[in-house]
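Comments concern the structure below.
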Amino acid sequence: MSKKLVGIWMYQNGGGSKIEKQLKDKLLERDIDVYTGLDLSRGYADSIGIYCNQIKMDSLDLFFSYNAGEQTVYQMYLLEQLNMFTTTINSFDAFKLTEDKFRTQQVLRKSGLPTTEILLCHRDDNNRVQKIFEYWEHRLIYKPVDGWGGVGMVKIEGKQSLDFVLPFMNKADLRFFYLEQYIPNDGTDFRVDVVDGRYLSCYGRRAPKGEWRTNISAGGNVFLREPNDRIIELSLKAAEATGLDIAGIDLIYDLEQEDYRVVEVNGIPAFATPDQQAQGLDFNTKKIECIVDLIERKLNGASR
Ligand SMILES: Nc1ncnc2c1ncn2[C@@H]1O[C@H](COP(=O)(O)OP(=O)(O)O)[C@@H](O)[C@H]1O
Ligand SMILES: [Mg+2]
């Protein structure tokens, strides 16, 4: 039997290149061949194949795509097509779903998970926005549905503030409004990693003073944090509902409802950076092991 062939495109910064090396070595140990650096934004296709770095991508047995920072529209377009011929991790459908906050929140809620309250409407639908703003006790967040790192989000709070902001938002070049009720919280969150339906790790992030976003890029800091059963239960359900094999679930504790809410599900949750490892986040080895198991399981066509 010929050897199975796995392609990898992995982020290289923040310790990514080292993680990639470890993944590759572990796959080789299991007699699986590996090609790395398969950046589809430099690939091309013809009537019979998709090519990248002299590799016929659609002949791979599996493609592991793990690079959130360098995605391009072209790369996503080719990945979607490749997904028709080759197993991809994450599956393209699950990944595409979680690239969209509106679609993800609705799927999660329909699966019975506690999420944030949301509204999607046309950017001229001011009456609807006014009404929901009152109903949500004058606290909402505007979010780009495909944003990341807390970028482009606006918190609108206080009775008069919407009248002030809305005219600007109507004029801005937005396709539609995606709004979330602001959840009163203590400025921290939980990030839970799930691989192949199994709980892997949990840590916390704390928003800096004067900031409501916990994102590292917004100045947030990670800290060690144990999950409870409820957090693990919600995270496993969220991963299952979205169909992600590898998922990073963000939850915050709603101080008014006195329960956790799933804020976001990430399809390319980062490994701990060397700095974070020095702080005690020690899940990388286990995560690599779980991903190698997952790849092997998929290659053998076995179900979970
Ligand atoms: N509805 C909300 N209520 C309160 N805080 C929120 C809400 N949504 C997001 N946040 C805060 O903003 C951060 C970024 O939001 P998120 O939806 O995860 O977007 P991104 O993809 O940019 O990380 C969250 O980690 C959380 O701290
Ligand atoms: Mg987030």
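So the sequence shown is numbered by my numbering: it starts at 3 and just counts up by one.
Where a beta carbon is used, it is the ideal one built from N, C-alpha and C, also for glycine.
**OP:** With hydrogens ignored, establish whether the beta-carbon of Gln183 is closer than 7 Å to any heavy atom of ligand 1.
**Re:** Residue numbering aside, residue 183 sits at position 181 when the sequence shown is read from its first letter. Relative to the non-hydrogen atoms of ligand 1, the Cβ of Gln183 comes within a distance shorter than 7 Å of at least one.
Subject >> Among Lys58, Leu42, Ile50 and Ser49, the one whose alpha carbon lies nearest that of Gln73 >> reply: For the purposes of this step, residue 73 is taken as residue 71 along the sequence shown, with counting starting at 1. Put simply, of Lys58, Leu42, Ile50 and Ser49 the residue whose alpha carbon is nearest the alpha carbon of Gln73 is Leu42.
**OP:** Return the chain-ordered list of same chain residues with a C-beta closer than 7 Å to the C-beta of Pro276, the five sequence neighbours on each side being excluded.
**Re:** Here residue 276 is taken as the residue at index 274 of the sequence shown, counted from 1. Only Gly17 meet the Cβ criterion.
**OP:** Return the first residue and the last residue of the beta strand (DSSP E) that Tyr255 is part of.
**Re:** Along the sequence shown, read from residue 1 onward, the residue named residue 255 stands at position 253. From DSSP, the beta strand (DSSP E) with Tyr255 extends over Ile248 to Asp256.
Original post:
Looking at Ile158 and ligand 1, is the gap between the Cβ and the nearest heavy atom below 7 Å?
Top reply: Counted from its first residue, the sequence shown places residue 158 at position 156. For ligand 1, not one heavy atom lies less than 7 Å from the Cβ of Ile158.
Original post:
Between the C-alpha atoms of Lys239 and Leu168, what's the straight-line distance to the nearest angstrom?
Top reply: Here the question's residue 239 lines up with position 237 in the sequence shown. Here the question's residue 168 lines up with position 166 in the sequence shown. If I take the Cα positions, the gap works out to 36 Å.
**OP:** Could you check the C-alpha separation between Gly221 and Asp188 for me, to the nearest Å?
**Re:** As a position in the sequence shown, residue 221 is number 219, starting the count at 1. As a position in the sequence shown, residue 188 is number 186, starting the count at 1. Rounded to whole angstroms, the separation of the alpha carbons of Asp188 and Gly221 is 16 Å.
Subject >> Backbone secondary structure at Thr106 - three-state DSSP >> reply: As a first step, residue 106 must be located in the sequence shown, where it is residue number 104. Thr106 falls in the helix class under three-state DSSP.
Original post:
Sorry if obvious, but does the Cβ on Glu266 come closer than 7 Å to a heavy atom of ligand 2?
Top reply: Numbered from 1 along the sequence shown, position 264 holds the residue referred to as residue 266. Yes, Cβ of Glu266 sits closer than 7 Å to a heavy atom of ligand 2.
Original post:
For Phe192, which residues does DSSP report across the bridge?
Top reply: For the purposes of this step, residue 192 is taken as residue 190 along the sequence shown, with counting starting at 1. Gly206 and Leu253.
Original post:
beta strand (DSSP E) containing Gln183: first to last residue?
Top reply: Here residue 183 refers to the residue found at position 181 when the sequence shown is read from its first residue. Gln183 -> beta strand (DSSP E) spans Phe178 to Gln183.
Original post:
Is Thr100 helix, strand or coil when you go by DSSP?
Top reply: Stepping through the sequence shown from its first residue, residue 100 is reached at position 98. Thr100 falls in the helix class under three-state DSSP.
**OP:** Closer than 8 Å by C-beta to Ile297: which residues in its own chain qualify, once you throw out the five before and the five after it? Chain order, please.
**Re:** On the sequence shown, position 295 is the one that residue 297 refers to. Excluding residues within five positions, the ones whose Cβ falls inside 8 Å are Val8, Leu29, Ile34, Leu64, Phe66 and Ile91.
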